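Read through the structure below, which is laid out as structure tokens, and then see the notes.
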Amino acid sequence: MKPASNLQKMLESGHFAVSGELGPPKSADISTLKHHAHDMRNHVDAYNITDNQTAIVRTSSIGVAATLMQMGLEPTVQMTVRDRNRICLQSDLLGAVSFGVRNFLCLQGDHAKFGNEPGSKNVNDLDSMQWIQAVKNMQDEGVFIGGEKLEHPLPSLFIGAVANPFADPFEYRPYRLAKKIAAGAQFVQTQCIFDLDRFEKWMEKVRELGLHKKVHIVGGVTPIKSIGAARYMQNNVSGMIVPEELITRIKGAQDKKQEGIKVAVETIQRLREIEGVAGVHVMAIAWEEVVPEIVERAGLYPRPSLA
Amino acid sequence: MIVGERKPLAEIAAMLKPYEKVCILGCGTCVTVCLSGGEKEAAETAAALSLLWQKEGKKGEIKTGTVLRQCEYEYIADYAARLEEFDAVLSLACGVGVQAMTAKLPEKIVLPGLNTQFMGYPVTQGVWKENCLGCGNCVLDLTLGICPITRCSKSMLNGPCGGSQNGKCEVSKEVECAWHLIYDRLVKMDMLDRMEAVQPPKDWSTSHHGSVRTMVREDVRVETSQ
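Same order as they appear, the protein sequences are chains A and B.
Residue 27 is where the first sequence starts when you use the numbering used here, and the numbers rise one by one after that.
Residue 25 is where the second sequence starts when you use the numbering used here, and the numbers rise one by one after that.
Structure below.
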């Protein structure tokens with residue numbers, strides 16, 4: 027089957043993929059986001075657009091995706107099940123497909139209590155697993171969740187999921203990935219990797235189960251911009267592990283920002299050595315301008331051009 | 025049981041502002057057991073409110089009473105005559121009781137003295153936990169007695185999300201991750217295969233999402249005049 031997107035093409039041709047991440051603003055002015063997208067266009071194969079990340083109201087992922095498509099760039103639309111019931115999820119997916127989006131990342135979403143509308147209802151009509159399966163069924167069988175047929179078949183999509191090797195129960199995490207693959211995930215992006223030892227342990231089990239041959243595993247990498255940012259991730263972002271040694275290392279460096287970039291580059295280099303890791307997803311939150319440098323220093327530039 | 029918590033006195037006082045003859049009415053069942061709306065709490069509330077009225081210079085009369093079950097018409101009917109003299113009833117029952125009272129005594133003003141919290145149980149003296157949402161389609165067989173619909177903050181049916189760490193939910197270190205509990209239990213009982221199959225989307229139509237529910241059992245049904 028013909029790959030649905032550039033990202034899928036890159037991963038299936040065996041190239042080490044690189045994706046970037048864009049967090050939409052808390053306004054309808056996306057000019058800065060467009061600059062960031064433009065500045066890393068030669069360094070990433072696709073752009074994740076976050077969906078009201080950490081439950082904070084922002085311009086919609088699909089809205090931004092439309093702009094990216096107009097710019098000739100490839101979006102991966104994140105869709106959480108937190109804010110939409112199955113009617114809206116399916117409808118929004120169709121809307122995004124209608125203007126050319128092919129990459130979808132299906133995820134649960136942080137609880138609304140973390141965001142700027144803590145009193146809102148958490149929808150969770152579906153869970154992330156069911157949403158992955160629903161997208162697969164819409165594509166493969168041409169049916170909605172309720173059983174009704176789509177009036178026309180969907181084009182091929184590239185269905186993504188997330189995996190968090192840093193969450194518990196740790197022993198269960200590879201099996202959860204297996205379940206997501208069974209549900210329909212074709213690629214998976216991981217939570218930001220700071221604890222490489224734990225990540226490697228997770229990958230060992232993933233390989234033992236043969237999962238790396240069934241799904242493209244893309245490792246999440248976030249450059250640490252400051253000690254404050256590291257502490258914030260350590261204490262306030264759910265499902266993260268930021269080892270104390272890493273914070274000590276950056277604290278001890280003369281140029282802390284350079285050290286943060288260096289750590290990210292080293293992480294990518296180590297990930298490239300791990301059997302079964304098919305690419306990296308660089309999440310430089312509020313620090314998008316360093317993505318080209320990181321990609322270049324990690325030896326992943328220029329990006330292969332695929333016909 | 026249904027667990028409730030008494031509303032703050034200031035809110036109760038504000039609610040009762042227009043009324044001078046008030047009955048604070050406890051309920052003898054769930055809210056008595058959870059120490060929030062029984063005879064004792066009715067007396068305590070009456071004493072506190074009297075003091076407040078005195079301080080504010082408000083003239084009025086506060087009495088107390090208890091209905092064994094404010095959620096059942098028979099018990100309300102037996103008590104109804106004793107409520108005639110009052111302008112308003114502050115019910116310390118759950119929301120079910122307040123509404124059954126209103127339905128049975130439509131000429132009376134019945135106000136809620138409690139915030140109804142949840143269906144749950146006391147884990148230890150003074151601590152109650154929610155453990156059933158009344159979704160209308162029980163899955164406790166699948167998860168061996170731990171409800172993911174109620175006790176997972178995201179009502180997930182297919183295992184723990186990425187926010188589960190050290191057995192705790194991302195929402196709070198005070199909240200256990202239900203799926204971690206389920207996982208541990210399934211491992212212990214050698215039944216982990218129960219987490220393998222993808223559980224399909226839940227049919228929420230059996231829950232409150234399907235609109236207000238009425239249960240009819242023809243085998244025990246007797247028409248009564250209300």
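All C-beta atoms, glycine included, are put in the ideal place defined by N, C-alpha and C.
Note that the coordinates shown come from a computational prediction; the quantities given were computed from them, not determined experimentally.
Going by beta carbons, cysteine 156 of chain B and methionine 143 of chain B fall inside the 9 angstroms limit.
In this structure the segment 190-202 of chain B lies against the segment 168-182 of chain B, because at least three pairs of beta carbons, one per stretch, are closer than 8 angstroms. Of the candidates A:Ile219, A:Lys239, A:Arg202, A:Phe192, the residue whose Cα lies closest to the Cα of methionine 155 of chain A is A:Arg202. Cβ proximity to chain A below 7 angstroms picks out nothing from the segment 128-157 of chain B.
Residue pairing for glutamate 29 of chain B: DSSP places it in a beta bridge opposite B:Asn139. DSSP, reduced to helix, strand and coil, places lysine 227 of chain A within a helical segment of the structure shown. Valine 188 of chain A: member of the beta strand (DSSP E) spanning 184-189, first to last residue.
Identification of chain B residues near alanine 290 of chain A by a Cβ-Cβ cut-off of 8 angstroms yields none; the smallest Cβ-Cβ distance measures about 21 angstroms.
With fewer than 16 other beta carbons inside 10 angstroms of its own, methionine 215 of chain B counts as exposed. For the 9 angstroms CB-CB criterion, phenylalanine 220 of chain A and valine 268 of chain A form a contact. Between alanine 290 of chain A and valine 303 of chain A, the CB-CB gap reaches or exceeds 9 angstroms.
The CB of glutamine 156 of chain A comes closer than 8 angstroms to the CB of Leu181, Asn182, Val222, Gln223, Pro224, Pro225 in chain B, given here in chain order.
With its beta carbon less than 9 angstroms from one in chain B, isoleucine 171 of chain A belongs to the interface. When DSSP states are grouped into helix, strand and coil, alanine 70 of chain B belongs to the helix group. Lysine 60 of chain A and threonine 238 of chain B have their alpha carbons spaced roughly 53 angstroms apart. Where glycine 121 of chain A is concerned, there is no enclosing beta strand (DSSP E), although the alpha helix (DSSP H) around it starts and stops at 112-124. Straight across, the Cα-Cα distance linking threonine 69 of chain B with glutamate 131 of chain B is about 24 angstroms. Assignment of phenylalanine 130 of chain A by DSSP, reduced to helix, strand and coil, places it in the strand class. When DSSP reads this structure, leucine 48 of chain A sits in a beta bridge with A:Ile75. Cβ proximity to chain B below 8 angstroms picks out Val188, Ala189, Asn190, Phe192, Ala193, Asp194, Pro195, Tyr198, Tyr201, Arg202, Lys205, Ala208, Ala209, Gln217 from the segment 187-220 of chain A. The DSSP assignment places 85-91, 112-115, 133-136, 138-148, 151-156 as complete runs of the beta strand (DSSP E) inside the segment 84-158 of chain B, in order along the chain (cut-off: 3 residues). Residues of the segment 192-208 of chain B with a C-beta atom less than 9 angstroms from some C-beta of chain A are Lys192, Cys193, Glu194, Val195, Ser196, Cys201, Trp203, His204, Tyr207, Asp208, listed in chain order.
A check of alpha carbon separations from isoleucine 113 of chain A across A:Ile82, A:Asp223, A:Asp151 identifies A:Asp151 as the nearest. Listed along chain B, no residue sits closer than 9 angstroms to leucine 183 of chain A by beta-carbon distance, the nearest being about 18 angstroms off. For leucine 114 of chain B, the closest of B:Glu80, B:Gly169, B:Glu44, B:Lys82 by C-alpha to C-alpha distance is B:Glu44.
Apart from the 5 residues on each side of it in sequence, valine 147 of chain B sits with its Cβ closer than 8 angstroms to the Cβ of Lys153 in its chain, given in chain order.
Around arginine 84 of chain A, the same chain offers Gly49, Pro50, Pro51, Lys52, Thr76, Asn78 as residues with beta carbons nearer than 8 angstroms, after the five sequence neighbours per side are excluded. When secondary structure is reduced to three states using DSSP, lysine 251 of chain A falls in the coil class, being assigned neither helix nor strand. Methionine 259 of chain A and methionine 266 of chain A have their C-alpha atoms spaced approximately 7 angstroms apart.
Against chain B, the beta carbon of serine 117 of chain A has no neighbour under 9 angstroms; the closest one sits roughly 15 angstroms away. When secondary structure is reduced to three states using DSSP, lysine 79 of chain B falls in the helix class.
From the listed residues A:Ser31, A:Phe42, A:Gly89, the smallest Cα separation to proline 328 of chain A is found for A:Phe42. If you look at proline 101 of chain A, you'll find it in the beta strand (DSSP E) that goes 101-106.
Taking 9 angstroms as the threshold, the shortest C-beta distance from asparagine 190 of chain B to chain A falls below it. One thing to note: leucine 131 of chain A has its Cβ within 9 angstroms of the Cβ of glutamine 215 of chain A.
Closest in C-alpha terms to arginine 93 of chain B, from the list B:Arg106, B:Tyr145, B:Leu116, B:Glu80, comes B:Leu116.
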